[in-house]
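Participant: Respectively, the protein sequence lines represent chains G and W. Taking the numbering used here, the leading residue of the first sequence gets 1, the next gets one more, and so forth. Taking the numbering used here, the leading residue of the second sequence gets 1001, the next gets one more, and so forth. Where a beta carbon is used, it is the ideal one built from N, C-alpha and C, also for glycine.
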Amino acid sequence: MQLRTVLHRRFSDEAGTEFVYLANSAAILALDAPTAEVVDAFAAPDGLDGKEWARTQSAPARAEETLHDLIDLGAIRPVDEVAAPRPQLPPMPFPLATLVLNVTNKCNLSCTYCYEYGEDKIGEGQGNNGKARMDDKTARDSIDFLMRSSGDRPQVSITFFGGETLLNFDAIRAATEYAEQQAQKLAKRVHYSLTTNATLLTEDIVDFLTEHRFGITVSIDGDQSEQDRHRTFKSGKGSFDVIEPRIRHLIETNKQRKGRAIGARVTVTAGATPVVETYRYLTEELGFDEVGFAPVTAGLERDYALGEQGYERLLKDFGELADEYVDAAVDGKHHGFSNLGDLVRELHQGVNKAHPCGAGLGLLGVSTEGELGLCHRFVESKSHSVGSVQDGVDQQARASFLEKAHVDNKTDCTSCFARPLCAGGCYHEAHVRYGEATKANVHYCEWIRGFVDLGLKSYGRIAAKNPTFLTRFDQS
Amino acid sequence: MSDPSSNPSDATGDGGPRRRPRIFACNQKARQLAGMVLARRGAARALTQDPPPTTYPYGCTTVFAPGWEVDSGNGTDGL
Chain G
1 MQLRTVLHRR FSDEAGTEFV YLANSAAILA LDAPTAEVVD AFAAPDGLDG
51 KEWARTQSAP ARAEETLHDL IDLGAIRPVD EVAAPRPQLP PMPFPLATLV
101 LNVTNKCNLS CTYCYEYGED KIGEGQGNNG KARMDDKTAR DSIDFLMRSS
151 GDRPQVSITF FGGETLLNFD AIRAATEYAE QQAQKLAKRV HYSLTTNATL
201 LTEDIVDFLT EHRFGITVSI DGDQSEQDRH RTFKSGKGSF DVIEPRIRHL
251 IETNKQRKGR AIGARVTVTA GATPVVETYR YLTEELGFDE VGFAPVTAGL
301 ERDYALGEQG YERLLKDFGE LADEYVDAAV DGKHHGFSNL GDLVRELHQG
351 VNKAHPCGAG LGLLGVSTEG ELGLCHRFVE SKSHSVGSVQ DGVDQQARAS
401 FLEKAHVDNK TDCTSCFARP LCAGGCYHEA HVRYGEATKA NVHYCEWIRG
451 FVDLGLKSYG RIAAKNPTFL TRFDQS
Chain W
1001 MSDPSSNPSD ATGDGGPRRR PRIFACNQKA RQLAGMVLAR RGAARALTQD
1051 PPPTTYPYGC TTVFAPGWEV DSGNGTDGL
């Protein structure tokens, strides 16, 4: 029988341990040298005849045994085997896990690269669509909708988003207090989180957020020069001087109260300070627990867009931070490079995604007027509406989108080893780039594969030196 | 590397002296697959496979979203 190694990625650590990541299952196997050679030999485009190959080996019985182990584990399969079809959708209606409330579509900053206010805005027309602020009733309706749509999940998450979220703190307070009451009645736990630019953090607000154990992400690009390059007020004045004391107060209060980790979200633009320096500043100088870096999403024609060289440099910088992450993991310590932390967790669990993210599945966004979108980035796009918090989910629209967005329908992803993790990438990005949210984001394939490679190598190094570290990511 | 004797993929099944495993299941998915293989071998060696379990993510994509506004733990504290 003609056999061939399935779609995979081979990698090794510095000690020479060989690994293979199998794209059909997202399994990671460590291999001894002879077994690695078998995997490589059968990776030939036309495969090999299994019996014939075994007969030519120095220890045929042992070779055949190895081959059968690899066949059973799904690493090597018949060339003409048709993959078993995967379900296009999970059993519907899929219970909600997260509701993102866009409590305002206004912002007091005017960041040059913002998708909400720039050319990437996808609502009908430019600028501010719909009501500027979510009223308290819509906020409470949203909580009711989440509770009744979350099935028997013991925990749900509410994320507040904007615009600048804290421009409508009234709605955040109303929603949180109402959610507490409802959760108690229904015996559910609620996890709150928000993203803010930190300009409006006051003592009262910090007190409220830390009391309710909010997961807080601050959008910040780094030190003063980095922050003030793009994150400016409408007047053009930089925002660093306003946010710095407020962030210090937030982090200090949160530490005293033993709150959840506070993260910084950095948008990486062309010409930015190397991420290692920015990471260092945000964790050591300002005290953030986690830092996540997001390449700016913009067309190549913008002067702040990351070109090919920008992505290459970013990947190199990520490599430096990854070395630090691995060193910390080998010592059993936490490291706050959240991009890699998330990737290592997904690799460890063997995540094999049918869809790139939870948008439309476990996560929905709510507009200021209560309309439901696939996620917070689509809430003001009528063509991506999937109902309202008052009338519920338009299940037909939801299912129709999800079927089309399934990774098996993205032919560009068919031969990519990173598909279990990427599944075509962000819907919003695809919509902006190609006018169709269900298309694969082929413009960043190389970046994705480079980053997954980095993750695999980091995972292998940790697995070889301190596998106990990885058990923190075990999923029951 | 971990003690291979605790690894279900050390499925030589020959009853002989234990040797270094040729294949070591590193992540959770690999361990699940190895467990399935061992269970099947209790009766007969299977030549076909069920489709691997599919993951339906709950939050924003954790690794590749340009935004990372929401993480896969359904919040933002993992960012």
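Compute the Euclidean distance between the alpha carbons of G:G74 and W:T1054, then round it to the nearest angstrom.
Facilitator: Working through the first sequence from its first residue, we reach residue 74 of chain G at position 74. Working through the second sequence from its first residue, we reach residue 1054 of chain W at position 54. Cα to Cα, the separation comes out at about 15 Å.
Participant: With G:N197 and G:I243 assumed to form a contact (beta carbons below 8 Å), what rounded beta-carbon distance in angstroms separates them?
Facilitator: Along the first sequence, read from residue 1 onward, the residue named residue 197 of chain G stands at position 197. Along the first sequence, read from residue 1 onward, the residue named residue 243 of chain G stands at position 243. That pair is a contact at about 7 Å.
Participant: Return the chain-ordered list of same chain residues with a C-beta closer than 6 Å to the C-beta of G:A36, the five sequence neighbours on each side being excluded.
Facilitator: Position 36 of the first sequence holds residue 36 of chain G. Closer than 6 Å at Cβ, skipping near neighbours: E18.
Participant: Could you list the residues in the region 347 to 373 of chain G with a C-beta less than 7 Å from some C-beta on chain W, going in chain order?
Facilitator: Cβ contacts with chain W: L347, H348, Q349, G350, V351, N352, K353, A354, H355, P356, C357, G358, L361, G362, L363.
Participant: Quick one: Cα of G:L146 to Cα of G:L96, how far?
Facilitator: Numbered from its first residue, the first sequence carries residue 146 of chain G at position 146. Numbered from its first residue, the first sequence carries residue 96 of chain G at position 96. Each residue's alpha carbon lies about 7 Å from the other.
Participant: What is the rounded straight-line gap between the Cα of G:V190 and the Cα of G:A423?
Facilitator: Within the first sequence, numbered from 1, the residue matching residue 190 of chain G stands at position 190. Within the first sequence, numbered from 1, the residue matching residue 423 of chain G stands at position 423. For G:V190 and G:A423, the distance between alpha carbons rounds to 29 Å.
Participant: Since G:C107 and W:P1057 should fall inside the 8 Å C-beta cutoff, what is the C-beta to C-beta distance between them, to a whole number of angstroms?
Facilitator: Working through the first sequence from its first residue, we reach residue 107 of chain G at position 107. Working through the second sequence from its first residue, we reach residue 1057 of chain W at position 57. Between W:P1057 and G:C107 the Cβ distance is about 28 Å, and since that is not below 8 Å, they are no contact.
Participant: Any idea what DSSP makes of W:R1022, helix, strand or coil?
Facilitator: Locating residue 1022 of chain W in the second sequence gives position 22, counting from the first residue. W:R1022 falls in the coil class under three-state DSSP.
Participant: Chain G partners of W:M1034, CB-CB under 8 Å?
Facilitator: The residue labelled residue 1034 of chain W in the question sits at position 34 within the second sequence. Note on residue identity: the sequence assigns Ala, not Met, to residue 1034 of chain W. Under the 8 Å cutoff, chain G gives L73.
Participant: For the beta strand (DSSP E) containing G:R265, name the first residue and the last one.
Facilitator: The count along the first sequence starts at 1 and reaches residue 265 of chain G at position 265. Unbroken beta strand (DSSP E) run through G:R265: 262 to 268.
Participant: Listing by chain order, which chain W residues have their CB less than 9 Å from the CB of G:I28?
Facilitator: Counted from its first residue, the first sequence places residue 28 of chain G at position 28. Per Cβ cutoff of 9 Å: A1025, C1026, N1027, K1029, A1030.
Participant: Interface residues of chain W around G:P90 at Cβ under 9 Å?
Facilitator: Within the first sequence, numbered from 1, the residue matching residue 90 of chain G stands at position 90. Ordered by position in chain W, the residues that pass the 9 Å Cβ test against G:P90 are T1054, Y1056.
Participant: Flag this pair as touching only if the region 397 to 417 of chain G and the region 339 to 349 of chain G have three or more C-beta atom pairs under 8 Å; answer yes or no.
Facilitator: No: fewer than three Cβ pairs fall under 8 Å.
Participant: Please decide whether G:C445 counts as near chain W, where near means a Cβ-Cβ distance under 8 Å.
Facilitator: Translated into positions along the first sequence, residue 445 of chain G becomes position 445. No, no contact with chain W.
Participant: Do G:T232 and G:T195 have their CB atoms nearer than 8 Å?
Facilitator: What you label residue 232 of chain G is simply residue 232 of the first sequence in a count that begins at 1. What you label residue 195 of chain G is simply residue 195 of the first sequence in a count that begins at 1. No.
Participant: State buried or exposed for G:K353, treating a residue as buried only when at least 16 other CB atoms are found within 10 Å of its CB.
Facilitator: Locating residue 353 of chain G in the first sequence gives position 353, counting from the first residue. The residue is buried, with at least 16 neighbouring Cβ atoms inside 10 Å.
Participant: Evaluate G:E403 with the Cβ neighbour count: other Cβ atoms within 10 Å of its Cβ, from every protein chain shown; 16 or more gives buried, anything less gives exposed.
Facilitator: By 1-based counting over the first sequence, the position of residue 403 of chain G is 403. It is exposed - the Cβ of G:E403 has fewer than 16 other Cβ atoms within 10 Å.
Participant: Suppose contacts are defined by Cβ-Cβ distances below 8 Å. Is G:V100 in contact with G:T159 by that definition?
Facilitator: By 1-based counting over the first sequence, the position of residue 100 of chain G is 100. By 1-based counting over the first sequence, the position of residue 159 of chain G is 159. A contact, by the Cβ cut-off of 8 Å.
Participant: Using 10 angstroms around the beta-carbon of G:T56, count the other beta-carbons present and answer buried if the total reaches 16, otherwise exposed.
Facilitator: In the first sequence, residue 56 of chain G corresponds to position 56, counting from 1. G:T56 is exposed by the Cβ-count criterion.
Participant: Quick check on DSSP: helix, strand or coil for G:F19?
Facilitator: Numbered from 1 along the first sequence, position 19 holds the residue referred to as residue 19 of chain G. Looking at G:F19 - three-state DSSP - the assignment turns out to be strand.
Participant: Would you kindly report the start and end of the unbroken beta strand (DSSP E) that includes G:V218?
Facilitator: Here the question's residue 218 of chain G lines up with position 218 in the first sequence. Note, G:V218: beta strand (DSSP E), 215 to 219.
Participant: Taking G:P295 as the reference, which of G:A59, G:G310, G:D207 has the closest Cα?
Facilitator: Residue mapping note: residue 295 of chain G aligns to position 295 of the first sequence, counting from 1. Minimum Cα distance to G:P295 is reached at G:G310.
Participant: Got a sec: is the Cβ-Cβ distance from G:D32 to anything in chain W below 8 Å?
Facilitator: Taking the first residue of the first sequence as position 1, residue 32 of chain G is located at position 32. So, interface residue.
Participant: What separation, rounded to the nearest whole angstrom, lies between the Cα atoms of G:T293 and G:H68?
Facilitator: Position 293 of the first sequence, counting from 1, holds the residue named residue 293 of chain G. Position 68 of the first sequence, counting from 1, holds the residue named residue 68 of chain G. Looking at the sequence provided, one finds Phe at residue 293 of chain G rather than Thr. Taking the straight line from one Cα to the other gives about 43 Å.
Participant: At a Cβ threshold of 8 Å, is G:H8 touching chain W?
Facilitator: For the purposes of this step, residue 8 of chain G is identified with residue 8 of the first sequence, where counting begins at 1. Judged by the 8 Å Cβ criterion, G:H8 is not in contact with chain W.
Participant: When the Cα atoms are used, what is the spatial distance from G:A270 to G:D223?
Facilitator: Taking the first residue of the first sequence as 1, we reach residue 270 of chain G at position 270. Taking the first residue of the first sequence as 1, we reach residue 223 of chain G at position 223. Each residue's Cα considered, the two are about 16 Å apart.
Participant: Based on the DSSP secondary-structure assignment, which residues constitute the bridge partners of G:I243?
Facilitator: If you number the first sequence from 1, residue 243 of chain G lands on position 243. For G:I243, which the question treats as bridged, DSSP gives no partner whatsoever.
Participant: Do you know offhand how far G:K439's Cα is from G:G373's?
Facilitator: Taking the first sequence and counting its residues from 1, one reaches residue 439 of chain G at position 439. Taking the first sequence and counting its residues from 1, one reaches residue 373 of chain G at position 373. Computed Cα separation, rounded: 18 Å.
Participant: Span of the beta strand (DSSP E) holding G:Y427?
Facilitator: In the first sequence, counting from the first residue as 1, residue 427 of chain G sits at position 427. It is not in any beta strand (DSSP E) - G:Y427 instead sits in the alpha helix (DSSP H) that spans 427 to 434.
Participant: Does the beta-carbon distance from G:G450 to G:L347 come in below 8 Å?
Facilitator: As a working note, residue 450 of chain G is residue 450 in the first sequence. As a working note, residue 347 of chain G is residue 347 in the first sequence. No.
Participant: Grouping DSSP H, G and I as helix and E and B as strand, with all else coil, what is G:Y178?
Facilitator: On the first sequence, position 178 is the one that residue 178 of chain G refers to. DSSP places G:Y178 in helix when its eight states are reduced to three.
Participant: Pick from W:Q1028, W:M1036, W:F1024: whose alpha carbon is nearest that of G:L470?
Facilitator: The sequence position of residue 470 of chain G within the first sequence is 470, counting from 1. That would be W:Q1028, whose Cα lies nearest to the Cα of G:L470.
Participant: Could you check whether G:V379 and G:S388 sit closer than 8 Å to each other, using their CB atoms as the reference points?
Facilitator: Working through the first sequence from its first residue, we reach residue 388 of chain G at position 388. Working through the first sequence from its first residue, we reach residue 379 of chain G at position 379. Not a contact, by the Cβ cut-off of 8 Å.
Participant: Would you list the residues sitting across from G:D49 in a DSSP beta bridge?
Facilitator: For the purposes of this step, residue 49 of chain G is taken as the residue at position 49 of the first sequence. Answer is G:Q2, bridged to G:D49.
Participant: Expressed to the nearest angstrom, what Euclidean distance is found between the alpha-carbon atoms of G:I216 and G:L201?
Facilitator: The sequence position of residue 216 of chain G within the first sequence is 216, counting from 1. The sequence position of residue 201 of chain G within the first sequence is 201, counting from 1. About 12 Å.
Participant: Compare the Cα-Cα distances from G:K185 to each of G:D221, G:I143, G:A430 and report the closest residue.
Facilitator: Reading the first sequence from its first residue, position 185 is the one you call residue 185 of chain G. Nearest C-alpha to G:K185: G:I143.
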